[in-house]
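Presented below is the structure to which this report refers.
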Amino acid sequence: KNQLQLQAKLDTVKSKFHTYEEESRIYMEHWEERSKEYIHKFICLFERANVLNLLYRTHSSTMISNIPNEENNTDDIISSNNNWKN
Numbered sequence: 023k024n025q026l027q028l029q030a031k032l033d034t035v036k037s038k039f040h041t042y043e044e045e046s047r048i049y050m051e052h053w054e055e056r057s058k059e060y061i062h063k064f065i066c067l068f069e070r071a072n073v074l075n076l077l078y079r080t081h082s083s084t085m086i087s088n089i090p091n092e093e094n095n096t097d098d099i100i101s102s103n104n105n106w107k108n
């Protein structure tokens with residue numbers, strides 16, 4: 023009888039352990055996916071700022087004099103900078 027009770031408790035502990043192990047794995051996979059998204063968005067944010075900063079430092083006088091109007095947004099400047107890289 024004691025042997026059966028001990029075996030039942032061991033089975034229960036093993037089952038709980040496997041459940042926690044699986045839940046932990048799933049949680050870590052979701053955390054990794056979210057982290058990658060946040061890191062990518064963070065890098066993109068500063069990548070845009072660095073592109074604009076680089077543009078301003080290297081082509082400030084030429085770029086500013088060649089801009090047709092002041093309503094150009096940063097996306098236009100960034101896309102024109104990307105064309106220079108190609």
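Under the working numbering, think of the first position of the sequence shown as 23, with each following residue one higher.
From the three backbone atoms N, C-alpha and C, an ideal C-beta is built for every residue, glycine too.
Item: Taking just the CA atoms, how far does Val-73 sit from Asn-103?; Value: Caution is warranted here: a pLDDT of 46 is assigned to Asn-103, below 50, making its placement in the model unreliable, and the coordinate value is therefore given only provisionally. Taking the straight line joining both Cα atoms gives about 8 Å.
Item: Identify whether Lys-23 lies in helix, strand or coil by the three-state DSSP scheme.; Value: coil
Item: Report the rounded CA-to-CA distance for Lys-38 versus Glu-44, giving the unit in angstroms.; Value: 10 Å
Item: Going residue by residue through the stretch 43-75, where are the continuous alpha helix (DSSP H) segments of at least 4 residues, counting only ones entirely within it?; Value: none
Item: Can you grab the Cα-Cα spacing for the pair Arg-79 / Ser-57, in whole Å?; Value: 33 Å
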